[in-house]
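Below is one structure, written out as structure tokens; the observations come after it.
Chains as they are written, first to last, in this note's numbering: chain A, 44 to 448; chain B, 44 to 448.
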């Protein structure tokens with residue numbers, strides 16, 4: 044329905060994602076947002092519409108993929124992004140309609156009568172530096188399998204991402220191939236077998252790749268094999284431009300979020316530097332060029348994952364100090380939220396609803412005094428599914444016409 | 044989706060159902076929960092996540108069946124339990140895959156040219172004692188119809204439940220048989236006719252049963268016939284163990300709730316006695332043996348149905364006094380809620396959302412001061428569909444893994 048109501052105009056929407064912003068009490072019954080000293084956010088909260096979004100469903104803890112798809116307006120249950128794609132995006136590889144993305148684990152195998160037997164599924168968790176050296180060797184040795192281009196990128200410890208780029212766009216269901224990880228040591232790696240006609244061809248390329256990789260890695264003491272998991276294709280998502288007429292860009296520092304933004308058709312902007320200041324500079328430079336800006340701040344999540352609530356509080360306070368620079372741009376709609384909660388006490392993502400602040404001339408406001416979990420609960424937006432946030436952003440920027448007469 | 048995210052662990056969930064707990068103002072604008080003096084619940088409410096669940100849908104008043112299915116995690120619209128099944132469960136009969144359950148009404152008929160004509164559809168609402176005597180006579184006279192075992196149980200006044208147990212499990216749609224109640228006096232009872240091949244065989248047995256029952260009852264002055272309604276089969280529900288890996292038990296006193304718990308695969312525990320103390324004793328004894336405990340307190344509903352708000356207040360206060368014994372067990376997740384509201388002013392079930400309290404280390408808390416309708420509205424859980432309560436219980440007991448990467 045939403046798509047049919049779109050009326051383009053020149054108003055600008057800025058979506059700020061403080062990754063993993065939602066929290067739980069960490070000290071004196073207060074959450075990270077409640078502890079943080081945030082005079083600018085407090086003032087903004089008083090004038091804004093507040094609420095909480097539910098990323099996927101009650102009780103469901105989202106990964107970064109579903110968390111972002113939701114706030115971009117894509118039902119995260121309907122559009123599931125394969126593990127291989129997320130791994131590839133997270134390591135900075137691009138993925139296209141022609142591609143199969145795969146998660147790889149370096150492993151140690153022994154050959155008995157010519158058959159590989161897995162001795163260590165994680166190659167003794169080799170150091171990341173070691174991984175980089177080995178992956179570089181593979182990159183140089185295997186650039187193509189027949190007419191299929193091979194892209195590799197080292198991850199942490201024993202992990203790597205593999206992208207196989209075919210000459211033409213692949214039909215749907217081309218990645219229906221089983222994981223080759225036998226899950227237990229002492230077993231042979233499984234053969235990659237396609238479940239349908241489309242994936243047979245891909246599986247053939249994968250077999251050749253594994254053969255070549257084993258040869259290149261043969262003399263490695265630990266990482267002499269690669270186990271493959273999460274074969275996947277780029278999900279078919281209509282872009283924000285196609286759906287809502289939004290010319291959108293992403294100002295993110297980490298590869299995963301750039302990748303997720305690219306999946307929904309955002310222009311991904313290079314940020315020279317890693318700081319919030321660097322990101323805001325880019326935002327200012329581009330302000331005339333786009334309708335929709337996705338500004339992704341990562342560190343709130345990182346500290347939450349580490350259980351470091353003081354660190355999370357400091358990032359929130361740092362963002363608060365930068366907020367006036369953002370407000371100076373006078374976005375018609377400014378949303379500040381997260382993709383999910385990352386309470387420091389849980390040291391990980393959680394299922395809890397996520398605070399949302401929406402600034403626009405067309406809100407009630409004055410329901411709450413701060414941008415915190417408890418104050419957002421008192422706000423005018425209530426608790427709503429994340430995938431409806433796009434409706435609210437479009438409506439408040441007057442980009443939606445009336446439904447029915 | 045939920046089922047795919049299950050990760051078993053040793054945490055324990057206790058679901059306390061105060062039947063019909065939700066209310067409306069009865070005195071000085073206060074509800075039963077607001078009038079009750081509940082120091083223990085008040086303290087617990089401050090530390091817990093609060094909200095309201097919507098049993099079926101806005102404005103929909105649930106029976107006990109849909110009310111409980113919802114909070115057990117089964118969509119009450121998708122899984123509808125036949126009236127015959129509920130009547131049988133309520134009167135303490137068991138129902139199996141081999142069974143057809145039917146609601147019966149004793150009626151008065153006159154025979155004209157060998158044809159029965161209904162004179163009183165409720166046999167003058169005979170006293171329950173009279174019903175018991177007559178039903179006992181039937182039980183002794185009709186144990187089998189061919190190879191089908193017959194179970195009967197007297198209800199209140201003119202009502203009874205009938206279970207026909209066939210030698211083998213019945214195929215689906217075996218209970219598609221019309222009610223025999225002609226709805227008006229002066230008419231003949233309707234023939235029970237199967238609507239499909241599966242139900243023809245059942246209808247034949249029913250005809251023979253009616254014939255035999257009429258003979259046994261022929262000399263009764265009032266209850267000389269049985270009208271049948273609500274032919275039904277046991278619904279196919281996956282158990283809580285199959286769906287969520289939960290080893291679950293029910294500590295309930297009334298047959299209906301034991302029966303509903305058994306439908307979702309809970310072990311139904313015999314409680315020696317009727318009091319809340321008796322139920323808590325059993326709970327303590329079994330604490331090591333299960334992951335999920337359903338503790339059902341009936342009397343809140345009974346007093347609500349009678350319009351006796353003082354009685355309902357007293358049961359709430361009694362439960363409050365027992366609460367510390369329950370808390371001593373240190374459940375990882377404790378939920379206190381109802382299956383529906385039963386406001387004393389309505390003397391029956393109602394459509395109003397039902398207060399929910401969820402205690403866990405992973406909540407915000409401090410949103411509200413008491414466990415009442417108005418205070419629950421201020422809580423962090425918002426108003427949510429009853430069927431999502433299981434998501435919240437599983438998430439807070441850390442039994443759900445992350446969705447997507």
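The C-beta atom is built at its ideal place from N, Cα and C for all residues, glycine as well.
- Residues of the same chain with a CB within less than 6 angstroms of the CB of residue 111(B), apart from the 5 flanking positions on each side, are 303 and 382 in chain order.
- In the DSSP assignment, residue 244(B) falls within the unbroken alpha helix (DSSP H) covering 240-260.
- Taking the CA atoms as reference points, residue 248(A) sits about 46 angstroms from residue 55(A).
- Distances from the alpha-carbon of residue 325(B) to those of 230(B), 358(B), 128(B) and 312(B) put 312(B) closest.
- Residue 129(B) is a Cβ neighbour of residue 108(B), given a cutoff of 8 angstroms.
- Distance from the CA atom of residue 125(B) to the CA atom of residue 238(B), rounded to whole angstroms, is 16 angstroms.
- In this structure, DSSP gives residue 339(A) an extended state, which the three-state scheme calls strand.
- For the stretch 118-203 of chain B, the continuous beta strand (DSSP E) assignments of 3+ residues that do not extend past its boundaries occur at 142-155, 158-163 and 191-197, in sequence order.
- For residue 57(A), same chain residues with a beta-carbon under 6 angstroms away, outside a window of 5 residues either side, are 336, 374 and 377 in chain order.
- Below the 9 angstroms Cβ cutoff, chain A contributes 100, 101 and 102 as neighbours of residue 431(B), in chain order.
- In the DSSP assignment, residue 299(A) falls within the unbroken alpha helix (DSSP H) covering 298-306.
- Distance from the CA atom of residue 360(A) to the CA atom of residue 79(A), rounded to whole angstroms, is 6 angstroms.
- For residue 435(B), the chain A residues whose C-beta falls within less than 7 angstroms of its own C-beta are 101 and 102, listed in chain order.
- If you ignore the 5 residues before and after residue 412(B), its C-beta comes within less than 7 angstroms of the C-beta of 85, 88, 89 and 418, all in its own chain and listed in chain order.
- With its beta carbon at least 8 angstroms from every one in chain B, residue 374(A) lies outside the interface.
- Under the Cβ criterion of 8 angstroms, residue 410(B) is counted among the residues facing chain A.
- Taking 8 angstroms as the cut-off, the Cβ atoms of residue 252(A) and residue 193(A) count as close.
- Here residue 297(A) has 341 as same chain residues with Cβ atoms under 7 angstroms from its own Cβ, once five neighbours each way along the sequence are excluded.
- Chain A places a beta carbon closer than 8 angstroms to that of residue 445(B), counting this residue as a contact.
- Judged by DSSP in its simplified three-state form, residue 438(A) adopts helix.
- Sequence-ordered contacts of the stretch 296-330 of chain A with chain B are nonexistent [C-beta pairs closer than 7 angstroms].
- Here residue 70(A) is bridged, per DSSP, to 73(A).
- For residue 324(A), the three-state secondary structure derived from DSSP is helix.
- Separation of residue 409(B) and residue 391(B) (C-alpha to C-alpha, rounded to the nearest whole angstrom) is 32 angstroms.
- By the Cβ test, the stretch 277-287 of chain A is not in contact with the stretch 262-269 of chain A, since fewer than three Cβ pairs between them sit closer than 8 angstroms.
- Under the three-state reduction of DSSP, residue 310(A) is assigned to strand.
- Close to chain B, meaning a Cβ-Cβ distance shorter than 8 angstroms, is no residue of the stretch 152-179 of chain A at all.
- Rounded to whole angstroms, the separation of the alpha carbons of residue 278(B) and residue 447(A) is 42 angstroms.
- In this chain, the beta strand (DSSP E) harbouring residue 274(A) covers 268-275.
- Cβ contact annotation for residue 168(A) (same chain, cutoff 6 angstroms, sequence separation greater than five): 200 and 201, in chain order.
- Taking the C-beta atoms as reference points, residue 407(B) is found no nearer than 8 angstroms to residue 428(A).
- Chain B places a beta carbon closer than 8 angstroms to that of residue 123(A), counting this residue as a contact.
- Residue-level contact check: residue 423(B) touches chain A, since one or more beta carbons of chain A fall below 8 angstroms from its beta carbon.
- Here residue 154(B) is exposed: its Cβ has fewer than 16 other Cβ atoms, across all protein chains shown, within 10 Å.
- Beta-bridge partners assigned by DSSP to residue 291(B): 335(B).
- With fewer than 16 other CB atoms across the displayed protein chains lying within 10 angstroms of its CB, residue 172(B) is exposed.
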